[in-house]
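Only one structure is covered here, and it is reproduced in the block below.
Residue numbers (UniProt numbering): 1 to 198.
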């Protein structure tokens, strides 16, 4: 875990569920709780890293809250924990994960850890893409012979290789259940580690 704990927002109209999730997570995370969807959105800000939503809540249900978060400027990891079995309509709900009740402690902890890992990965990916963009700009405007003699350029190339490997490692750690039927599912632009066809 980082020195600054990740912030988790727990939204569930069942006080017992809120208390249970809090007990599981409070040792490692800053916890906020909400008893309905409207209260959950009122507590949303840039500090929230993970949102745990019940699907059926008063005032605003979990689907409406997820949609509002998706339309906003914040980009937390959103997981829905519900007694409702998921159907095809899950594809239209902007959540990152879906767990069905009764949920196990290990599953909730794994989701929280995955959210923290993806947050770190996202920051590293942004650094990688920014550096790759500057490298591409140089390659477009500077003669290859000049670049080949530049220690700074060679350093950037080596750094990009390290950053790429670090991002791939972080993604591998975050994806706990890779889609073996679709190996490209974990592919990001410029970061494909799937086997390419000849």
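Glycine is no exception: its CB is placed at the ideal position from the N, C-alpha and C atoms. All values derive from a computational prediction rather than experimental measurement.
* **Which residues DSSP lists as bridging residue 97, in chain order** => 79
* **Stretch-stretch touch, CB-based, cutoff 8 angstroms, three pairs: the segment 114 to 131 with the segment 81 to 94** => no
* **Rounded C-alpha distance that separates residue 36 from residue 55** => 10 angstroms
* Asked: On the three-state DSSP scale, how would you describe residue 52?
  -> strand
* Euclidean distance between Cα positions of residue 17 and residue 107 -> 14 angstroms
* To do: Could you tell me which residues DSSP pairs with residue 30 in its beta bridges?
  => 7
* To do: Report the residue from 91, 96, 101 and 134 whose alpha carbon sits nearest the alpha carbon of residue 116.
  => 96
* Would you tell me roughly how many angstroms separate the C-alpha atoms of residue 80 and residue 49, rounded to the nearest one? => 14 angstroms
* **Run of the alpha helix (DSSP H) containing residue 37, from where it starts to where it stops** => 37 to 42
* Asked: For residue 88 versus residue 53, is the C-beta distance shorter than 8 angstroms?
  -> no
* Where does residue 199 sit, in a helix, a strand or coil, going by DSSP? -> The first residue shown for the chain is 1 and the last is 198, placing residue 199 beyond what the model contains.
* Buried or exposed: residue 91, going by 16 or more other Cβ atoms within 10 Å of its Cβ? -> exposed
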